[in-house]
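Heads up, the sequence shown is in the working numbering, so the first residue is 120 and it goes up one at a time.
A virtual CB, placed ideally from N, CA and C, is assigned to each residue, including glycine.
All figures in this text were calculated on a predicted structure; none of them were measured in a lab.
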Amino acid sequence: MNRGGYTEGSVVLLDQGRVREFFRSLRSPLVLDGGMGTQLAERGWHPPMLPEEMCLHMPKAVLDVHRSYVDAGAAVIETNSFGGSLRKLSMKGLGGMAEELALRAAELARQAGGGLVAGSVGPCGEMLMPLGELDFEEAVRSFEPQVRGLVKGGVDLILIETMLDIKEAKAAVEAVKRVREDMPFVVSFTFDRDGRTVTGTSPEAAAVWAQAVGAVGVGANCGLGPEGYVEVVRRLAEASGLPVWVYPNAGVPSAGDYLGPSEFAARCAGLLDAGAAVVGGCCGTTPEHIRALRGLTEGRTLSPRPDAAVLRLCGRSKVFCFGPGLPLGVIGERINVSRKSPIREQVAAYRYGAVKDEARAQTLAGAAVIDVNVGLPEVDQVRAMREAVWAVEGVSHLPLSLDSDDLKVLEAGLREAAGVPLINSVAAKDEQMRLGMRLALRYGAALAVLLIDQRGILEDGLERARIAERVFEAALEEGLPPSRIVFDPLTLTLGASIRNGQETLRAVREVGALGGLTSLGISNVSHGLPARGLLNRSFLAMAMGSGLDMVICNPLDRELMGVVKACDALRGRDEGLSIYTAFAPSWTEVKAGGACAEVDRGVPKAPRGGDLGPSSALSSLAEKVLEGDEEGALMEGRRLMASEGPLGVISAHLVPALEEVGRRYETGEFFLPQLIQSAQAASAVCALAEEEMSREGSSASRGTVVLATVEGDLHDLGKNVVAAVLKSHGYRVVDLGKDVKAERIIEAAQREGAHVVGLSALMTSTVPRMRDVIEEARRRGCGFKVIVGGAAVSPSFAKSIGADGMSYDAVGAAKLVERLMKGLGCDWEGLGCS
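Quick look at the structure:
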């Protein structure tokens, strides 16, 4: 087999360009290899050595695994470099070897003589800000040496895999582009049983983002078995023109109930039927599983994958489409420091409570995109943009429009935005426009282009439209798809010329005739004229009649939103009139209450609970916890403690709030970002209560929990989330970190007076260390309870090692601890332990 890669027919892949073309034209499914850890263990690997270290110390064993998969018929071989990021290796003091280990891993996979070699890049094990403490740039730098070694070692593509957070996936992609701009890459996510990642990313959002950022494939791996991923694969395939990769588990590692090769392959048939283009195996799969898969794929062909012709933007969890035949996209304009408002005052002090309120209100009012403008000259706008993006994404699922005339500020927002945002905007001046296009390509964004060139703003609408033709030509040269460009023909003031409104509408029609999407800010048309609202709404209706696709406006103006819904119905962009008929009752209520005239006097009081509707039965403190508003929760907590006392605040306000948080998390209304923010808000109030109780000579703690990731395991993302949630429930948490020996765990539990010890493990090879802790604790007669969790842990395994319980997630862990504490004589009402 040629060093250039996999041969299909007469095609031999010799460079990265041909690898990309190969996947674009793929017509037959490929087989990926299978599990690595268990295969290495059979050949002598065991902790505390890391799997990646075997590339240096036991290279023949690694090579033997690769060759066994090649012999089984795998067309794509993964390198033994999954945990080889700088930060992950640094936990073992091996950070300086990141590039060397990756390079050697690539050379061994290439040496196996198979087809395509995919450089494996797994998570670095930490959550990125604002969900965690890892900065985006630090994450990029963590992946860079690993990617550099893989590229030097001769991989054909990079496989960014087992991703839980789209932000971390974005950091890994950025590392790939920094090392080699044209390097092909695939991004694969781990989805839960509810069809989303733990941070709430849907298959559609993952697919749209992956395509926007330039991936040659998008996938799903680990976490579930073949049948669990059928629907995910179907959704990935329908949402993207990319080949879909899927490599499920053959079972839960610790359960010992792996599917055999034949049964595994039979169940994978549904994945191919759903649209998978590359299929392989993850935990529990062997060369025999891959051999069976190879037989399953023979003779199959893939259906063509058409590219989407509409603009698709997304936040972390949901995709929004815009274009001909679709409803008007409303871009909420109110997060803008150009007008005097609480937002302007707070952003000047790097505070974002008003930003959150506005984002929440505009989401509830029906906006499809949230515009973010923090362009105050007296602030660090790069910092303000980053923090404003975090604030908005914390309370809204909508995609963002990043608004600045400074490309550095725009780039700061692009790095932080989770999903596919809109860059708002650049002028159609060659250098500025091309820089904007390159930013859009690099970070996976769409671009709004103002139809103004070196000549300035042209009065003639046809001349403005001709600028769009030149923009399309530049986009073709840069490689930016036309569907990711939105043209703003510019709204000129009617008071300056009676023709201005007509010429703008003409530009909208002409750009539409070219196949371009259009967006307008409408308020400028009425500048300096009376009854501005009337003019704005009338102009919007005429623009929609001319084919307008998006508008920048105030979604809290219910009369204007009524025009939007009615015009979409009249111009045939509301299938079955479902949007109009859903909006009509609220319109009637608003008119009856005479509220429309009040919309410009401030932000209306929006329903609480994020963007999920009202929670009228909950107190104001509980609402602040649901919103993840730590500052507001502390303010309310202090106020209530003065009259109700710390225990009263916890039992009457925090407990109901946390019960509602748990309900929303279990039903899929909340995801990890909302869970963490709510936990942090509740934890802050719990800490305040503890301080007050300490002054009174008592304690508000409900008990002590010691947490640790067991020896040999460097993964603690899940454990960290459990710690945050337990703290929010009033428990004293002692977190020992990761790679902790059994002796140290037991000693810490005894020293701290632990009621419960929580053990975490992700790797199959480290799960047995849980048994060691439990057996030693029982031998010493320790009275604490032990709970276990992690991707590699099953209920049957937990029972077999004598654990007192196990949980799949942090909310379940909190409930489990509560039950165990009650069994220890802990009193919920008194919030203390006997």
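Which same chain residues, not among the five before or five after residue i, have their C-beta less than 6 Å away from its C-beta?
i           : result
residue 229 : 236 and 273
residue 660 : 682 and 686
residue 321 : 315 and 436
residue 389 : 349
residue 438 : 323, 324, 327 and 431
residue 356 : 363 and 394
Given residue i, which residues of its chain have a CB within under 7 Å of its CB, disregarding the five upstream and five downstream residues?
i           : result
residue 629 : 580, 581 and 584
residue 772 : 738, 740, 741 and 759
residue 667 : 447, 627, 637 and 639
residue 239 : 197, 198, 200, 201, 278 and 280
residue 756 : 740, 768, 804 and 807
Using the C-alpha atoms, what's the distance from residue j back to residue i?
i            : j           : result
residue 1004 : residue 840 : With the chain covering only 120 through 953, there is no way to say anything about residue 1004.
residue 527  : residue 255 : 15 Å
residue 933  : residue 847 : 10 Å
residue 513  : residue 796 : 8 Å
residue 350  : residue 199 : 29 Å
residue 461  : residue 471 : 10 Å
residue 501  : residue 535 : 11 Å
residue 780  : residue 789 : 7 Å
residue 588  : residue 442 : 18 Å
residue 163  : residue 177 : 9 Å
residue 733  : residue 745 : Per-residue confidence for residue 733 stands at a pLDDT of 39, beneath the threshold of 50, marking its modelled position as unreliable; the derived number appears in the next sentence. Cα to Cα, residue 733 sits roughly 11 Å from residue 745.
residue 621  : residue 611 : 10 Å
residue 339  : residue 764 : 49 Å
residue 411  : residue 333 : 32 Å
residue 648  : residue 510 : 36 Å
residue 479  : residue 266 : 39 Å
residue 802  : residue 843 : 8 Å
residue 550  : residue 504 : 23 Å
residue 221  : residue 269 : 5 Å
residue 935  : residue 358 : 38 Å
residue 942  : residue 192 : 54 Å
residue 241  : residue 341 : 12 Å
Evaluate residue i with the Cβ neighbour count: other Cβ atoms within 10 Å of its Cβ, from every protein chain shown; 16 or more gives buried, anything less gives exposed.
i           : result
residue 821 : buried
residue 469 : exposed
residue 136 : exposed
residue 453 : buried
residue 900 : exposed
residue 879 : buried
residue 695 : exposed
residue 165 : exposed
residue 704 : exposed
residue 926 : buried
residue 776 : buried
residue 617 : exposed
residue 858 : buried
residue 595 : exposed
residue 653 : exposed
residue 175 : exposed
Contact defined as beta carbons within less than 8 Å: I believe residue i pairs with residue j. What is the distance between those atoms, to the nearest angstrom?
i           : j           : result
residue 302 : residue 292 : Actually they are not in contact, since the Cβ atoms of residue 302 and residue 292 sit about 10 Å apart, beyond 8 Å.
residue 838 : residue 828 : 6 Å
residue 566 : residue 545 : 7 Å
residue 861 : residue 897 : The Cβ separation is near 12 Å, so there is no contact.
residue 605 : residue 541 : 7 Å
residue 451 : residue 486 : 4 Å
residue 608 : residue 570 : 5 Å
residue 153 : residue 408 : 5 Å
residue 386 : residue 345 : 4 Å
residue 434 : residue 491 : Residue 434 to residue 491, Cβ: 12 Å. No contact.
residue 420 : residue 398 : With 8 Å as the limit, residue 420 and residue 398 do not qualify as a contact, their Cβ atoms being about 14 Å apart.
Run through the DSSP bridge pairs and tell me what residue i is partnered with.
i           : result
residue 338 : 307 and 364
residue 440 : 431
residue 955 : Outside the displayed span of the chain (120 to 953) sits residue 955, for which this structure offers no information.
residue 492 : 455
residue 638 : 669
residue 197 : 237
residue 397 : 149 and 364
Of all the CB atoms in chain C, is at least one closer than 8 Å to the CB of residue i?
i           : result
residue 352 : This model lacks chain C altogether; it includes just one protein chain.
Can you list, in chain order, the residues of its chain with a C-beta nearer than 8 Å to that of residue i? Leave out the 5 residues immediately preceding and following it.
i           : result
residue 735 : Here the model assigns residue 735 a pLDDT of 46, short of 50, so the residue's position is not dependable, and the following value carries that caveat. So the list is empty, once near-sequence residues are dropped.
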